[in-house]
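Numbering-wise, the sequence shown is residues 7 to 267 according to my numbering. Even glycine gets a Cβ: it sits at the ideal position worked out from N, Cα and C. Please read these numbers as outputs of a predicted model, since none were measured by experiment. Right, one structure below, let's go through it.
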Amino acid sequence: MTPAPADLTRAGLSLEVGQPAPGAVTVTLSRAQRRNAMTPSMWRGLAAIGRGLPEGTRVVVIRGAGPSFSAGIDLRLFTPDGVPGEEPLPDLAGPGAEDWIAACQQAFTWLHDPAIVSIAAVRGHAIGAGFQLALACDLRVLADDARLCLKEAALGLVPDLAGSKPLVDIVGLPRALELALTARTVTAAEAQQLRLAELVVPAAELDGAVSDLAAALLTADPAVSRAVKELLAGAPGRTLPEQAAAERRAQVTLQRSRISR
Ligand code: CAA
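Structure, rendered in structure tokens:
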């Protein structure tokens, strides 16, 4: 079931069903005054949206309110006072820490579901967990003012929100290592060179470009869209003969499903 709007508001999120087109939903990180800094509540809210997507959702757009996509984890969580209304972070060296991280990762991993195509619409900064959220999406459309930074190592952390695999898959191991260890900022222009952006547009055109992309993706038949995403997502882990076999299986399964519909 789609989470209640009031619960999402408390988590710093909003959800628009049927936006930017019928069959799509738009999720907005809505803590603009904190540059959409993320909290465990926000991660739980994102995971709940993923679990409760309205029937027939095919495209999911993730965007940030205000000038930034997301400034990453709310840094006050690392202070003794924490964030009002949020539970303190657990001891990451303690028992149960891996389970806690696994729950946080659910905010990110649903965006890979083959039933949907996910698009990150990134304006301004996407830092740390914010960059990992953009990496969790299948496609990234960047405003020309976008700035990406994998900040975790600078804070003594590894990137642990399921962003390390898409990063390596997209930019390759050497560049991923360089970006992750230097925590340097990547401009929109460099992001496009590194294939971290499918498209870079003037900031004023971001919403329109995302809307056009969503509409184009929605022209595909839902079963075809799912089958193609599954097939392509599995390709890096397969040899050529294995992928050719996967193509054959996918084709026959798809066509049989059409006959039985
Ligand atoms: N946590 C908490 N508050 C934040 C925040 C964050 N990550 N980022 C910004 N804010 C707050 C600022 O403190 C400021 O609050 P006040 O108005 O009360 O002073 C407000 O948001 C606006 O911020 P700025 O004035 O700094 O806005 P800016 O547009 O000039 O700069 C920014 C934006 C470049 C994102 C800058 O705010 C910044 O560098 N933020 C910190 C980014 C960061 O280091 N994040 C941690 C990433 S690592 C991570 O996410 C680890 C993980 O996965 C677990």
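Please determine whether the Cβ atom of Arg82 lies at a distance below 7 Å from any heavy atom of ligand 1. yes
Between which residues of its own chain and Gly29 is the CB-CB distance below 8 Å, once the five residues before and five after are set aside? Gly62, Thr63, Arg64, Val65, Leu224
Decide if Thr85 is buried, meaning its Cβ has at least 16 other Cβ atoms within 10 Å, or exposed. exposed
In angstroms, rounded to a whole number, what distance separates the CA positions of Arg255 and Gln111? 31 Å
Contact under 8 Å by Cβ, Thr34 with Ser20: yes
Which residues in the same chain as Pro96 place their Cβ atom closer than 8 Å to its Cβ, once the five residues preceding and following it in sequence are excluded? Gly102, Ala103, Trp106
Just to confirm my understanding: we take Val89, look at its own chain, exclude 5 residues before and 5 after, and list those with CB closer than 8 Å. What are they? Thr45, Asp80, Arg82, Leu83
Closer than 7 Å: is that where the CB of Glu158 sits relative to any heavy atom of ligand 3? With respect to ligand 3, the structure offers nothing, as its ligand set consists of ligand 1.
Helix, strand or coil, according to DSSP, for Leu95 in the structure here? coil
Could you tell me whether any non-hydrogen atom of ligand 1 is closer than 7 Å to the CB of Ala186? no
For Pro172, which residues from the same chain have a beta carbon less than 6 Å from its beta carbon, with the 5 sequence-adjacent residues on both sides left out? Leu141
Identify, in the order they occur along the chain, each residue of the same chain with its Cβ nearer than 7 Å to the Cβ of Arg146, setting aside the five sequence neighbours on each side. Ala126, Val128, Ala140, Leu202, Ala203, Glu204
In the structure shown, what three-state DSSP assignment does Met7 receive? coil
DSSP puts Ala132 in a beta bridge; with which residues? Ser76, Leu154
Suppose contacts are defined by Cβ-Cβ distances below 8 Å. Is Thr15 in contact with Gln25 by that definition? no
Taking 8 Å as the threshold (C-beta atoms), are Ala77 and His131 in contact? yes
Inter-residue CB distance, Ala159 and Ala186 (contact presumed, cutoff 8 Å): 6 Å
Whole-number beta carbon distance between Ala149 and Leu212, since they are thought to touch under 8 Å: 5 Å
Starting from Gly70, trace the beta strand (DSSP E) both ways and give me its first and last residue. 65-70
Nearest by alpha-carbon distance to Pro165: which of Thr245, Gly178, Phe137 is it? Phe137
Among the residues of its own chain, which have a CB less than 7 Å from the CB of Gly91, if the five just before and after it don't count? none
Report whether the distance from the Cβ of Ile133 to the nearest heavy atom of ligand 1 is below 7 Å. yes
DSSP has Ala30 in a bridge; who is on the other side? Val65
Alpha carbons only, please: which of Val67, Ala27, Ala251, Pro180 is nearest the one belonging to Gly116? Gly is not the amino acid found at residue 116; the sequence shown has Trp there. The shortest Cα separation from Trp116 among Val67, Ala27, Ala251, Pro180 belongs to Val67.
With respect to the beta strand (DSSP E) encompassing Arg146, which residues constitute its N-terminal and C-terminal limits? 145-149
Ala53 in three-state terms, based on DSSP: helix
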